[in-house]
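One structure is given here, and the rest of the page talks about it.
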Amino acid sequence: MAKRLAGGPAALQAEDFSFVSPLVKYLLFFFNMVFWMISMVMVAVGIYARLMKHAEAAMACLAVDPAILLIVVGVLMFFITFCGCIGSLRENICLLQTFSVCLTVIFLLQLVAGVLGFVFSDKARGKVSEVVNNAIVHYRDDLDLQNLIDFGQKEFSCCGGVSYKDWSQNMYFNCTAHNPSRERCSVPYSCCLQVEDQSVINTLCGQGMQALNYLEAGEFIYTNGCIDKLVNWIHNNLFLLGGVALGLAIPQLIGILLSQVLVNQIRDQIKLQLYNQQHRADPWY
């Protein structure tokens, strides 16, 4: 009987004890909640931008549409963070494992993409050229794409992919004699040399620039292509890009670590509950 009395308080303490740390649980929950809300905003903005476009323009450039990219990334982030939120709140091992596996796969894909991009830099450059040329072809078909290209050309002080004459790939800027467009042989205004304190932007400053040679055109527009400028920028900002990559990797690694810690705690708690159930009928427990 003495053994039973001695075991009574211990049994009560075992019932109240929990391996699951509230700090880990709710830290993981709020961590995912933040990114869950961000993902919903991304999806909403992407859908809105998509609906605001003409149907024919939207179908013409799916591969280079920033709105589609925003929707896809937002939906993927929504699914992953949903698993993290509900899994941590409900202490669901299946959802937490799904969250952890998805983050691990994304992290590994980013790592592999970075390594392959560094090792096969020539092929990566060719793929970038293909994307840029496709964007040039659909420049007038998509306002978001047009604004993105104009921003890039202004930011990097460049024009076209390899050179300013790449704009002949666009049906409006094509420099052939039978092109009836009023923008024939022209380049976008974002190719023009930037003038300080210019109150009104001259959107016709690129008129007829493709008909000029490099030296003549160089007095009015940027003649170097954006691909070389982008490559040079990457080489000159490797530490910055490394910091950005690290900034993206750290939240993923934190999420993986917290989810695995919580999964192990939940499993220990399940074992404790099973142990208590098995020994509850024991008269000496």
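Numbering (the numbering used here), first residue to last: 191 to 475.
Built from N, CA and C at the ideal position, the CB exists for glycine as well.
How is residue i classed by DSSP in three states: helix, strand or coil?
| i | result |
| --- | --- |
| N414 | strand |
| N422 | helix |
| C275 | helix |
| S156 | Residue 156 is absent from the model: the chain starts at 191 and stops at 475. |
| Q400 | helix |
| V234 | A quick correction: the sequence has Ala, not Val, at residue 234. A234: helix per DSSP, three-state reduction. |
| A250 | Here A250 scores only 49 on pLDDT, less than 50, and its place in the model should not be relied on; the value that follows carries that caveat. Correct three-state label for A250: helix. |
| L260 | helix |
| Q467 | helix |
| C365 | coil |
| S358 | helix |
| M242 | coil |
| T393 | coil |
| S311 | helix |
| F209 | coil |
| V265 | helix |
| S376 | coil |
| N222 | helix |
| Q287 | helix |
| P370 | coil |
With residue i and residue j assumed to form a contact (beta carbons below 8 Å), what rounded beta-carbon distance in angstroms separates them?
| i | j | result |
| --- | --- | --- |
| R330 | N360 | 7 Å |
| C375 | G351 | Incorrect: roughly 17 Å between the Cβ atoms, too far for contact. |
| L446 | T294 | The residue asked about is misnamed: residue 446 is Ile in this sequence, not Leu. With 8 Å as the limit, I446 and T294 qualify as a contact, their Cβ atoms being about 6 Å apart. |
| S208 | Q459 | 6 Å |
Which partner residues of residue i appear in the DSSP bridge assignment?
| i | result |
| --- | --- |
| C382 | I411 |
For the stretch 316-351, which segments carrying the alpha helix (DSSP H) assignment without a break, of at least 4 residues, lie completely within its bounds, in sequence order? DSSP runs (the alpha helix (DSSP H)) wholly in the stretch 316-351: 333-346.
Below 8 Å, can you find three or more Cβ-Cβ pairs linking the stretch 354-371 to the stretch 333-340? They do not touch, by the three-pair rule.
Taking 8 Å as the cut-off, does the stretch 300-319 touch the stretch 405-421 (at least 3 CB pairs, one atom from each stretch)? With a cut-off of 8 Å, the stretch 300-319 and the stretch 405-421 count as touching, because enough Cβ pairs lie within range.
Does the structure place the stretch 258-275 close enough to the stretch 215-235 that three or more beta carbon pairs sit under 8 Å? Segments in contact, yes.
contact_flag[the stretch 427-435, the stretch 390-406] where n(CB pairs < 8 Å) is 3 or more: Verdict: no, contact absent.
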